[in-house]
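**Student:**
In our numbering, the protein residues as written are 114 to 245.
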């Protein structure tokens, strides 16, 4: 009886600490959207993780205290980060340093879909749009 209780306890402990695995490629927006859709994936005190879909563009903006890492899951576009401009496509990864203006123009027929990781935890008041 003791060994059965120990096995059950170990099983429950293992399941309780297991990580939830998700395939980012198959997650799709659950609502219609005009240009940008943001889906929170995970958040803790150190970072925020978002799936973002962009149909047309992202206006130039910066995050004063956040570094942002981007992994492109689908689509293609022209990314501007500071003074640099470069093409992005599925599989690309890049970093946007804090306090750096950045924008995106989608060039593919399908929306650009990215995993955005913001460090530290995202605070919308930290986002400042560049005046046009």
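The C-beta atom is built at its ideal place from N, Cα and C for all residues, glycine as well.
1) Assuming residue 166 and residue 224 make a contact with CB atoms under 8 angstroms, what is their CB distance in whole Å?
2) If you reduce the DSSP assignment to three classes, tell me which class residue 200 lands in.
3) Beta strand (DSSP E) containing residue 153: first to last residue?
4) Please classify residue 151 as buried or exposed, where buried requires at least 16 neighbouring CB atoms within 10 angstroms.
5) Using DSSP's beta-bridge definition, name the partner residues of residue 187.
6) From 168, 180 and 156, pick the residue whose C-alpha is nearest to that of residue 189; which is it?
7) Relative to the C-alpha of residue 159, which candidate in 233, 244, 241 and 238 has its C-alpha closest?
8) Would you mind reading off the limits of the beta strand (DSSP E) that contains residue 173?
9) For a quick check, are the C-beta atoms of residue 173 and residue 216 less than 7 angstroms apart?
10) In three-state DSSP terms, what is residue 181?
11) CB-CB under 7 angstroms to residue 239, same chain, minus the five flanking residues each way: which ones, in chain order?
12) Determine the closest residue to residue 213 out of 142, 133 and 182, with distance taken between C-alpha atoms.
13) Assign residue 234 to one of three DSSP states: helix, strand, or coil.
**Tutor:** So, to answer that:
1) Confirmed, Cβ separation roughly 5 angstroms.
2) Three-state DSSP puts residue 200 in a strand.
3) 149-156
4) exposed
5) 226
6) 168
7) 233
8) Membership of residue 173 in the beta strand (DSSP E) is indicated by the continuous run 170-176.
9) yes
10) Here residue 181 sits in strand by DSSP.
11) 176, 177, 178 and 179
12) 182
13) coil
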